[in-house]
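In order, the protein sequence lines correspond to chains A and B.
Quick note: the first sequence uses my numbering, first residue 24, plus one each step.
Quick note: the second sequence uses my numbering, first residue 24, plus one each step.
Number of protein chains: 2
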Amino acid sequence: MAKAYERIADDLRSSIRAGQLKPGDRLPAETKLVERYGKTLPTVREALRLLRDEGLIDKQHGRGNFVRRPRTKVLRTNARHQWEKDRAREPERERQQTGATEHDTGLQVNDLVFYAVYRDVEAKGELAEAFGLPEGTTLVERSYRTRYAAESAPFNLVTSYLPRDLVAENPDLLDETREPWPGGTQNQLFTVGIELDRIEERVTARPPTPEEAEELELPAGTAVLLLRKTSYDTEGRVVEISDVTLPGDRTEVLFTTPLERW
Amino acid sequence: MAKAYERIADDLRSSIRAGQLKPGDRLPAETKLVERYGKTLPTVREALRLLRDEGLIDKQHGRGNFVRRPRTKVLRTNARHQWEKDRAREPERERQQTGATEHDTGLQVNDLVFYAVYRDVEAKGELAEAFGLPEGTTLVERSYRTRYAAESAPFNLVTSYLPRDLVAENPDLLDETREPWPGGTQNQLFTVGIELDRIEERVTARPPTPEEAEELELPAGTAVLLLRKTSYDTEGRVVEISDVTLPGDRTEVLFTTPLERW
DNA sequence: GAGTGGTCTAGACCACTGT
DNA sequence: CAGTGGTCTAGACCACTCC
Chain A
24 MAKAYERIAD
34 DLRSSIRAGQ
44 LKPGDRLPAE
54 TKLVERYGKT
64 LPTVREALRL
74 LRDEGLIDKQ
84 HGRGNFVRRP
94 RTKVLRTNAR
104 HQWEKDRARE
114 PERERQQTGA
124 TEHDTGLQVN
134 DLVFYAVYRD
144 VEAKGELAEA
154 FGLPEGTTLV
164 ERSYRTRYAA
174 ESAPFNLVTS
184 YLPRDLVAEN
194 PDLLDETREP
204 WPGGTQNQLF
214 TVGIELDRIE
224 ERVTARPPTP
234 EEAEELELPA
244 GTAVLLLRKT
254 SYDTEGRVVE
264 ISDVTLPGDR
274 TEVLFTTPLE
284 RW
Chain B
24 MAKAYERIAD
34 DLRSSIRAGQ
44 LKPGDRLPAE
54 TKLVERYGKT
64 LPTVREALRL
74 LRDEGLIDKQ
84 HGRGNFVRRP
94 RTKVLRTNAR
104 HQWEKDRARE
114 PERERQQTGA
124 TEHDTGLQVN
134 DLVFYAVYRD
144 VEAKGELAEA
154 FGLPEGTTLV
164 ERSYRTRYAA
174 ESAPFNLVTS
184 YLPRDLVAEN
194 PDLLDETREP
204 WPGGTQNQLF
214 TVGIELDRIE
224 ERVTARPPTP
234 EEAEELELPA
244 GTAVLLLRKT
254 SYDTEGRVVE
264 ISDVTLPGDR
274 TEVLFTTPLE
284 RW
């Protein structure tokens, strides 16, 4: 015998999948569902919680339960890396026009609000290992937030690390007030003589922490994509690592792998 | 004033993050937590549900609540595509040795259990569009499940589509009993004269559907990675599309982007 | 059988939304 | 103010685990 709250959830889920309840539609009030299914309120609410956790409905206090609308996607491609590399040696006037984020989103610089904080940290454990540096090495930790001017939530959370010694010869690279830097990280590295050879990106997914859900304004029933970007220079050194947290319900990461011809 | 169940969840979450409760540790019984926090059982259970949905704890009926251990990762790289292409023209004896999954996991062919089902479907809506084919075009839909011999859950769910006309000249390609095919899809396409030029992979994340959670044996508080792989041949045609569902808590997708030298 | 979590009932009171 | 969802209490009974 199926559990009562599962029966109710299954029934409502079918209605949504079959399109009898369309995105944006309000579900019957919880008290109506109590009548319809002959169960008590907590049981009905348990069913609705399942659907919310699956990302199928939004609960709105005082208004009702609504079938969720899919969010429009932001595409992030790996073509951005070559594009940024090509830009890195151009004159500042060129570099100021547009950045990698604009390249991805198709937006203008003025549509975006940008915010950066730098601080020094010591490389520890997993991070020291990823850099191939001894524990305790000083890193510059740079936190970035970028959002649409018209929205309140940033569309990603970025924490980037650079070995301090590698970039210290250009003091501007230690100064957060120089952000947003025209030409991005690859131009910053170019100013201290570093050329990138390749970029590795590792992607996983998990539910958001409460802090992430808060900052990205994620509704319940969404996941985050975690992307760790590791940049190697032409001497094989790891010169930068970025951890990027992306809302799973609005982000699509696109990677193109070219193949050698026969 | 913070809500009671959030206070309890915050308190337990802090203990877990600070390491006072380590992975594998059992939390105090729910009745003990009722005493400790001076709240009723449903309130305590609400707090524990939050932690479960965040993937921090596992609830085990009759045993207790336990701090979750991280699962070991399966790595899927984009180097597999060039690797598979190189293999595609080799003699069958070579191709039989090992496949792309073994290449990713480092396992032997005998460690894996493989299962495939083929059927014909009509391209509709989004799928027809992705192929650039008219709606109603016949596709071969191929469903794959691969799992470790020692485990019961597959480590991914794959649905692959091929335009039927493109591959029908080799009847073996319509025969599911020929799977697992030595050399994989790229060799299958090679037998009908198709060479791949590039592969695009789009990645998103979301909570699992109940069906996915069931088949992949996902505990609550995990997410799935969705990967859509689109293969283009040397004439620019889309010749294959695969939708892959991967458990977010055990899969890491690694993409390497090489950059042109200055 | 003792201990633990899972399901469900019945109902009180609070908080938010829209008229 | 009416309608809706959010929080919390109090307690019954069931199901699973382990000794």
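We treat Cβ as the ideally placed atom computed from N, Cα and C, and that holds for glycine.
Since the model is a prediction, treat every value here as computed from it, not as a measurement.
Exercise. Where A/Lys-252 and B/Ala-246 are concerned, what is the direct C-alpha to C-alpha distance, given to the nearest angstrom?
Worked result: Taking the first sequence and counting its residues from 1, one reaches residue 252 of chain A at position 229. Taking the second sequence and counting its residues from 1, one reaches residue 246 of chain B at position 223. Taking the straight line joining both Cα atoms gives about 21 Å.
Exercise. Would DSSP call A/Ile-39 helix, strand or coil?
Worked result: Position 16 of the first sequence, counting from 1, holds the residue named residue 39 of chain A. Note: A/Ile-39 maps to helix in three-state DSSP.
Problem set entry | Interface residues of the region 205–225 of chain A facing chain B [CB-CB below 8 Å] | Glu-218, Leu-219, Asp-220, Arg-221, Ile-222, Glu-223, Glu-224 and Arg-225
Exercise. Got a sec? Which residues, its chain only, sit under 8 Å from B/Arg-68 by beta carbon, not counting five neighbours each side?
Worked result: Your numbering for residue 68 of chain B matches position 45 in the second sequence. Contacts found: Glu-53.
Problem set entry | Contacts around B/Glu-199, its chain only, beta-carbon distance under 7 Å, and the 5 residues preceding and following it disregarded | The residue given as residue 199 of chain B occupies position 176 in the second sequence. The residues are Ala-139, Val-140 and Tyr-141.
For this session: Closer than 9 Å by beta-carbon distance: list the chain A residues that pair up with B/Gly-244, in chain order.
Result: The sequence position of residue 244 of chain B within the second sequence is 221, counting from 1. Neighbours of B/Gly-244 on chain A, chain order: Arg-229 and Pro-230.
Exercise. Are the C-beta of A/Pro-93 and some C-beta of chain B separated by less than 8 Å?
Worked result: One-based indexing of the first sequence puts residue 93 of chain A at position 70. Chain B contact via Cβ: absent.
For this session: Determine the direct distance from the alpha carbon of B/Ala-173 to that of A/Glu-158, and round the result to whole angstroms.
Result: For the purposes of this step, residue 158 of chain A is taken as the residue at position 135 of the first sequence. For the purposes of this step, residue 173 of chain B is taken as the residue at position 150 of the second sequence. In a straight line, the C-alpha of A/Glu-158 is about 38 Å away from that of B/Ala-173.
For this session: Compute the Euclidean distance between the alpha carbons of A/Asn-179 and A/Thr-274, then round it to the nearest angstrom.
Result: By one-based count along the first sequence, residue 179 of chain A stands at place 156. By one-based count along the first sequence, residue 274 of chain A stands at place 251. The straight-line gap from Cα to Cα measures roughly 9 Å.
Exercise. Along chain B, in chain order, which residues have C-beta atoms closer than 9 Å to that of A/Gln-119?
Worked result: Against the first sequence, residue 119 of chain A aligns to sequence position 96. The premise fails here: A/Gln-119 is roughly 21 Å from chain B at the closest Cβ pair, so nothing lies under 9 Å.
Problem set entry | Own chain residues within Cβ distance below 7 Å of A/Asp-76, not counting five before or after | The sequence position of residue 76 of chain A within the first sequence is 53, counting from 1. Ala-243 and Gly-244.
Exercise. Who does A/Gly-87 pair with in a DSSP beta bridge?
Worked result: Taking the first residue of the first sequence as position 1, residue 87 of chain A is located at position 64. A/Gln-83, per the DSSP bridge assignment.
For this session: Please list, in chain order, all residues of the same chain as B/Gln-119 whose beta carbon is under 7 Å from its beta carbon, the five residues on each side excluded.
Result: Residue numbering aside, residue 119 of chain B sits at position 96 when the second sequence is read from its first letter. Cβ within range, chain order: Pro-205.
For this session: Give a yes or no on whether the C-beta atoms belonging to B/Tyr-255 and B/Arg-221 are separated by under 8 Å.
Result: Residue mapping note: residue 255 of chain B aligns to position 232 of the second sequence, counting from 1. Residue mapping note: residue 221 of chain B aligns to position 198 of the second sequence, counting from 1. Going by C-beta atoms, B/Tyr-255 is nearer than 8 Å to B/Arg-221.
For this session: Can you grab the Cα-Cα spacing for the pair B/Ser-38 / A/Ala-27, in whole Å?
Result: One-based indexing of the second sequence puts residue 38 of chain B at position 15. One-based indexing of the first sequence puts residue 27 of chain A at position 4. Whole-angstrom Cα-Cα distance: 35 Å.
For this session: Whole angstroms is fine: what's the gap from B/Leu-277's alpha carbon to B/His-104's?
Result: The residue you call residue 277 of chain B lines up with position 254 of the second sequence. The residue you call residue 104 of chain B lines up with position 81 of the second sequence. Near 12 Å, if we compare the C-alpha coordinates of B/His-104 and B/Leu-277.
For this session: Measuring alpha carbon to alpha carbon, tell me which of A/Leu-64, A/Leu-79 and A/Thr-63 ends up nearest A/Asp-33.
Result: Position 10 of the first sequence, counted from the start, is the residue given in the question as residue 33 of chain A. Among A/Leu-64, A/Leu-79 and A/Thr-63, the Cα nearest to that of A/Asp-33 is on A/Leu-79.
Exercise. What residue does the alpha helix (DSSP H) around A/Leu-293 start on, and which one ends it?
Worked result: Because chain A spans 24 through 285 in this model, residue 293 of chain A falls outside it and cannot be assessed.
Exercise. In chain B, what lies closer than 9 Å to A/Phe-89 by C-beta?
Worked result: Position 66 of the first sequence, counted from the start, is the residue given in the question as residue 89 of chain A. Correct list: empty, because the minimum Cβ distance to chain B is about 17 Å.
Problem set entry | Sufficient close CB pairs (3 or more, under 8 Å) joining the region 258–267 of chain B to the region 260–271 of chain A | no
For this session: For A/Asp-272, decide whether its Cβ has a neighbour in chain B, counting only Cβ atoms nearer than 8 Å.
Result: Stepping through the first sequence from its first residue, residue 272 of chain A is reached at position 249. Taking Cβ atoms only, chain B reaches closer than 8 Å to A/Asp-272, which makes this a yes.
Exercise. Should B/Gln-83 be flagged as near chain A, meaning a C-beta pair shorter than 8 Å?
Worked result: Counting from 1 along the second sequence, the entry for residue 83 of chain B is found at position 60. Output row for B/Gln-83: interface = no.
For this session: Taking only beta-carbon positions, decide if A/Arg-142 is within less than 8 Å of chain B.
Result: As a first step, residue 142 of chain A must be located in the first sequence, where it is residue number 119. Residue contact with chain B for A/Arg-142: absent (no Cβ-Cβ distance below 8 Å to any residue of chain B).
Exercise. If you count every other CB in all the chains shown that lies within 10 Å of the CB of B/Glu-292, and 16 or more means buried, which is it?
Worked result: Here chain B comprises residues numbered 24 to 285, so residue 292 of chain B is not present and cannot be evaluated.
For this session: Return the first residue and the last residue of the alpha helix (DSSP H) that B/Val-57 is part of.
Result: To locate residue 57 of chain B, count along the second sequence from 1; it is residue 34. First-last of the alpha helix (DSSP H) with B/Val-57: 53–60.
Problem set entry | Outcome for A/Leu-98 when other beta-carbon atoms lying within 10 angstroms are tallied against a minimum of 16 | One-based indexing of the first sequence puts residue 98 of chain A at position 75. So A/Leu-98 counts as exposed.
Exercise. From this set, B/Tyr-184, B/Arg-229, B/Glu-224 and B/Glu-237, which residue's C-alpha is nearest B/Leu-212's C-alpha?
Worked result: Mapped onto the second sequence, residue 212 of chain B falls at position 189. Closest option to B/Leu-212, Cα to Cα, is B/Tyr-184.
For this session: Please check if any C-beta of chain A sits within less than 8 Å of the C-beta of B/Lys-108.
Result: Here residue 108 of chain B refers to the residue found at position 85 when the second sequence is read from its first residue. It does; some Cβ of chain A falls within 8 Å.
Exercise. Considering A/Leu-212, what are the terminal residues of the alpha helix (DSSP H) in which it resides?
Worked result: In the first sequence, the residue the question calls residue 212 of chain A occupies position 189. From DSSP, the alpha helix (DSSP H) with A/Leu-212 extends over 207–213.
For this session: Please name the residue, chosen from B/Asn-88, B/Gln-43, B/Arg-49 and B/Ala-153, that lies closest to B/Gly-259 on a Cα-to-Cα basis.
Result: As a working note, residue 259 of chain B is residue 236 in the second sequence. If we check each option's Cα against that of B/Gly-259, B/Ala-153 comes out closest.
Exercise. Hey, B/Ala-146 and B/Leu-135: beta-carbon distance below 8 Å or not?
Worked result: Reading the second sequence from its first residue, position 123 is the one you call residue 146 of chain B. Reading the second sequence from its first residue, position 112 is the one you call residue 135 of chain B. Cβ distance not < 8 Å, so B/Ala-146 and B/Leu-135 don't count as in contact.
Problem set entry | Test: A/Phe-278 CB closer than 8 Å to a CB of chain B | Position 255 of the first sequence holds residue 278 of chain A. Yes - at least one Cβ of chain B is within 8 Å of the one on A/Phe-278.
Problem set entry | Opening and closing residue of the beta strand (DSSP E) in which A/Phe-137 lies | For the purposes of this step, residue 137 of chain A is identified with residue 114 of the first sequence, where counting begins at 1. Per DSSP, A/Phe-137 belongs to the beta strand (DSSP E) from 135–145.
Problem set entry | For A/Thr-128, the first and last residue of its enclosing alpha helix (DSSP H) | For the purposes of this step, residue 128 of chain A is taken as the residue at position 105 of the first sequence. 123–128 is the span of the alpha helix (DSSP H), which, as asked, contains A/Thr-128.
For this session: Tell me, please, which residues DSSP counts as bridged to A/Tyr-255.
Result: The residue you call residue 255 of chain A lines up with position 232 of the first sequence. In DSSP, A/Tyr-255 forms a bridge with A/Arg-221 and A/Val-261.
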